[in-house]
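Worksheet: the structure to be examined is printed underneath.
Number of protein chains: 2
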Amino acid sequence: MSDPRHPRASGRATLSDVARHARVSAITVSRALNTPDKVSSELRERIEIAVRELGYVPDRSARALASRQSFTVAVLVPSLSNAVFVDTLRGISERLDPFGYQLLIGDTGYSAEVEERRLRAYLEHRPDGVLLTGQAQTEGARALLAHAGVPVVRMMDLSADGLCVGFSQIKAGYALTRHLLERGHRRIAYVAAQLDERVRLRGEGYRCAVREVGGDDPRLEVAVPDPSSVHLGGELLGRLLQQAPDCDAVFCCNDDLAWGAIFECQRRGIDVPGRLAIAGFNDLEMSACINPALTTIATPRHQIGVAAADLLLAAIAGEPPADGQRDLGFSLVVRQST
Amino acid sequence: MSDPRHPRASGRATLSDVARHARVSAITVSRALNTPDKVSSELRERIEIAVRELGYVPDRSARALASRQSFTVAVLVPSLSNAVFVDTLRGISERLDPFGYQLLIGDTGYSAEVEERRLRAYLEHRPDGVLLTGQAQTEGARALLAHAGVPVVRMMDLSADGLCVGFSQIKAGYALTRHLLERGHRRIAYVAAQLDERVRLRGEGYRCAVREVGGDDPRLEVAVPDPSSVHLGGELLGRLLQQAPDCDAVFCCNDDLAWGAIFECQRRGIDVPGRLAIAGFNDLEMSACINPALTTIATPRHQIGVAAADLLLAAIAGEPPADGQRDLGFSLVVRQST
DNA sequence: CCTGCTAATGGTTGCGCTAACATTTACCCA
DNA sequence: TGGGTAAATGTTAGCGCAACCATTAGCAGG
């Protein structure tokens, strides 16, 4: 047997190693770490010293198993390359970190199948809560969540049943298109990539607005499923100008595409907004810096993360879902590109 | 007592629920899930059915506790807003996912203190391996890692002891500055933000190069600790032109700043590269799209992720650290901005 | 017909921790 | 002084799973 005064050689110090070292019982060490005010200051100090001397780091697995609480929250976003979701993550993290929750962050690559796979993997951690982007889960994913019985908050969109924080993508698409119409444009195009749920809804809003003035025309829509990128924005602009040379405004489904479109116009000597107005979506940092500065929809993505975390915390605490839906709105930011 | 045919109402199905359902022992279920070829196909099938019917999801905490292996890998990067690290993460994930490792992804906000805090939190999961960015950990972080006895691979930089994958930031900074010198520029500025280790090393390389031709001048350096952004790039360019109006080339420590500088030049009517050459660092996607296209250093960040994961896998498997240092190099991408 | 092997399966134990209950101690007020 | 209370600490059991060891069945070889 190993020397009882030292942690066993094979592994790391455990609670009872610390307990032995501090000459108290294991549960007292547990309390000293988790509910310090239930332990006398004398013992607490002795325990703290023992913890430091042994380099003790608690084992979350054991704690989770014993306490039936993992203190982790799973977060699934479509992509970490998209600043929108990173901003949301930051909001979540800001809100959840102080409570000791640890995030399991994963990206789905905009794929429902990957989402299900990741979800299954994360549920193995028995998270106390789950944050998802959008509602387009597979049947399997929904079944997993139902079985798990874990609180779920969906982000970005509205109109889901259950807890949900976001804004109306349709209304935002509509509002931006209305702005272009009010500027006098009548041949407004919609350029989209990465055709996820939200991009489709923005297109929906676009179509609503142009139809109202009888300006809908399939040639004015360019949509490809490829991942969005600045380069693609330029390419799609080229394609658009070929199939609808008379268009006078472009609504890009996100800022990246809009930047690419603007760069392409610069190369082709197309005046923006004189000959062609260009608008984006999301208001990423750079959109205010580019020339001409980009008109876009500012989305409250950071706030969505914060609010989603709040809602989740309430749900974990067992509070009744007062208002399941939280609409955080959006705002139109008009700059020089329109 | 609860009906033994059904999982208990209070919680989720466990291994023994599945075992009961399939009329086998718990350990057989465990084997059917983890080492399927050690179980007869008949039982395996029965177990699979039971798993599906009960919606069983294994509990990683319990598994980790019993098997003394968590099958998780902790990854710490400075920021998720920086595409460089997201690309690295993707490389890591691609390599580690097939092995069933799950990533604990965290950002440190470029702060060694946050890094230590996150590291401590992640070590509570008893990860099988740790991936860190750079080497600037605190004493505490180093002590934590030493105590944990977990394999660690450091990314991005070179010249650490231990396992390490990256490229020489100094040489890259030097190479880019040499390029500007060869283009005939003699008043080359260095503009930097987010003054982390890597940015300082690039500056070091810059200084080496300009000193060789006697062109070093403190007025040609603008460095602020603020987080890097496109907007800041424009601002710093303004500051630079004020304190060194005669400079004829700018080496920005990253692409974001360079974009901002180019936009600022556009606004001021400064010809790039005629009046002022501008170069960046990292070769992010947009750098090829902007006008003029940006000269920059292409960094093998995705490959760094892959290689770091490989090195870590080997270390976890207990293979001797053959070559602790892996230099993946970089390449100069010359475009129109210089 | 027995030995020795392998493949398939099960029983027991313990991973590190905390919930629940039990116990001890100190101290207050009637 | 005794009964009561609250605060501090300990004891026991068990979370869900896999390591370890045992057992059984089937079969080849002498």
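Line order of the protein sequences matches chains A and B. Take the first sequence: its position 296, counted from the start at 1, is 296 in full-length UniProt numbering, and no numbers get skipped. Take the second sequence: its position 247, counted from the start at 1, is 247 in full-length UniProt numbering, and no numbers get skipped. C-beta atoms are modelled at their ideal positions from N, C-alpha and C, and glycine is treated no differently.
Report all residues from its chain with a CB closer than 7 Å to the CB of residue i; omit the five preceding and five following residues, and keep chain order.
i, result
"A:M156", "T133, G134, G166, R198 and I304"
"A:I105", "V75 and L89"
"A:H185", "D248, A249 and A277"
"B:S93", "L103"
"B:P321", "L163 and A315"
"B:V86", "L80"
Just curious, the beta strand (DSSP E) that residue i is in, first and last residue?
i, result
"A:Q69", "Segment: none, A:Q69 is in no beta strand (DSSP E) and carries neither H nor E."
"A:E319", "No beta strand (DSSP E) contains A:E319, which DSSP labels as neither H nor E."
"B:V165", "L163 to G166"
"A:A288", "Looking at the DSSP string, A:A288 is not in any beta strand (DSSP E), and its letter there is neither H nor E."
"A:C252", "A249 to C252"
"A:T296", "T296 to A298"
"B:L332", "S331 to V333"
"B:G129", "G129 to T133"
"A:A141", "Segment E139 to A148 is the alpha helix (DSSP H) holding A:A141; no beta strand (DSSP E) there."
"A:D327", "Q325 to D327"
"B:V152", "V152 to M156"
"B:A277", "A277 to A279"
Terminal residues of the continuous alpha helix (DSSP H) containing residue i?
i, result
"residue 349 of chain A", "Examination of residue 349 of chain A is not possible in this model, given that chain A is present from 1 through 338 alone."
"B:G203", "E197 to E212"
"A:E124", "Careful: A:E124 lies outside any alpha helix (DSSP H) and carries neither H nor E."
"A:R52", "S41 to L54"
"A:D256", "D255 to R268"
"B:E216", "Reading the sequence as shown, one finds Asp at residue 216 of chain B and not Glu. Per DSSP, B:D216 belongs to no alpha helix (DSSP H) and is neither H nor E."
"A:A175", "Q169 to E182"
Beta-carbon within less than 8 Å of residue i's beta-carbon, same chain only, minus the 5 sequence neighbours each way: which residues are those?
i, result
"A:P36", "R44"
"A:T299", "V84, F167, A172, F281, N282, D283 and F330"
"B:A258", "G233, V250, C252, I278, A279, G280, F281, S287, L294, T296 and S337"
"A:R46", "A22, R23 and V24"
"B:L328", "V165, G166, F167, P300, Q303, I304 and A307"
"B:E116", "Q137, T138, G140, A141 and L144"
"B:E319", "none"
"B:A112", "A136, Q137, T138 and A141"
"A:H179", "A279, T295, L332, V334 and T338"
"A:I170", "L201, R202, E204, G205 and C208"
To the nearest whole angstrom, what separates the beta carbons of residue i and residue j, a pair I think is in contact under 8 Å?
i, j, result
"B:A62", "B:H21", "Not a contact, Cβ separation roughly 18 Å."
"A:D256", "A:V230", "5 Å"
"B:I188", "B:L220", "7 Å"
"B:A193", "B:V224", "5 Å"
"A:P151", "A:L312", "6 Å"
"B:Q80", "A:L80", "For clarity, residue 80 of chain B is Leu in the given sequence; the question names Gln instead. 6 Å between Cβ atoms; contact."
"B:A317", "B:R95", "Not quite, the Cβ-Cβ distance comes to about 14 Å (not below 8 Å), so this is no contact."
"B:V222", "B:L236", "5 Å"
"B:A26", "B:A19", "4 Å"
"A:V57", "B:R120", "7 Å"
"B:L240", "B:V210", "Actually they do not touch by this definition, with Cβ atoms about 15 Å apart."
"B:Y110", "B:P78", "5 Å"
"B:E53", "A:D59", "Between A:D59 and B:E53 the Cβ distance is about 33 Å, and since that is not below 8 Å, they are no contact."
Apart from the five residues on each side of it in sequence, which residues of its chain come closer than 6 Å, Cβ to Cβ, to residue i?
i, result
"B:R326", "V165 and A307"
"A:F71", "G100 and Y101"
"B:S337", "V272, P273, I278, P292, L294 and T295"
"B:T88", "R301, I304 and G305"
"B:V334", "T295"
"A:D246", "R187"
"B:G149", "none"
"A:I270", "L276"
"A:E285", "none"
"A:R126", "S70"
"A:H6", "Reliability of the predicted coordinates at A:H6 is poor, the pLDDT of 38 falling under 50, and the value obtained from them is presented with this limitation in mind. Cβ neighbours of A:H6 beyond the five flanking positions: none."
"B:V130", "A74, V150 and V152"
Taking 7 Å as the cut-off, is the CB of residue i close to at least one heavy atom of the ligand MN?
i, result
"B:L240", "No copy of the ligand MN occurs in the structure displayed, which carries no ligand at all."
Exercise. Jot down the residue ranges of each uninterrupted alpha helix (DSSP H) in the segment 70-108 of chain A, minimum 4 residues, whole runs only, in chain order.
Key: Within the segment 70-108 of chain A, the complete alpha helix (DSSP H) runs of at least 4 residues are 83-96.
Quiz item: When you check each C-beta in the segment 150-173 of chain A against every C-beta of chain B, which residues fall closer than 9 Å?
Solution: Result list empty, no residue passes.
Quiz item: Relative to chain B, which residues along the segment 260-273 of chain A have a C-beta separation below 8 Å, given in chain order?
Solution: Residues of the segment 260-273 of chain A with a C-beta less than 8 Å from any C-beta of chain B: G260, F263, Q266 and R267, listed in chain order.
Practice problem: Compile a chain-ordered list of the residues in the segment 300-317 of chain B whose CB is closer than 9 Å to at least one CB of chain A. | Solution: None of the residues of the segment 300-317 of chain B has a beta carbon lying less than 9 Å from any beta carbon of chain A.
Quiz item: Of all the residues that make up the segment 277-296 of chain A, which are near chain B by a beta-carbon distance shorter than 8 Å?
Solution: Those would be E285, M286, A288, C289, I290 and N291, in chain order.
Exercise. Could you name the residues of the UniProt domain "HTH lacI-type" (13-67) of chain B whose beta carbon sits closer than 7 Å to any beta carbon of chain A, in the order they occur along the chain?
Key: Result list: G55, V57, P58, D59, R60, S61, A62, A64 and L65.
Quiz item: Mind listing which residues of the segment 224-238 of chain A have their C-beta closer than 7 Å to chain B's C-betas, in chain order?
Solution: Taking 7 Å as the Cβ-Cβ cut-off, the segment 224-238 of chain A approaches chain B at S229, V230, H231 and G234, given in chain order.
Self-check item: Interface residues of the segment 79-90 of chain B facing chain A [CB-CB below 7 Å]
Solution: From the segment 79-90 of chain B, only L80, S81, A83, V86 and L89 have a Cβ closer than 7 Å to chain A.
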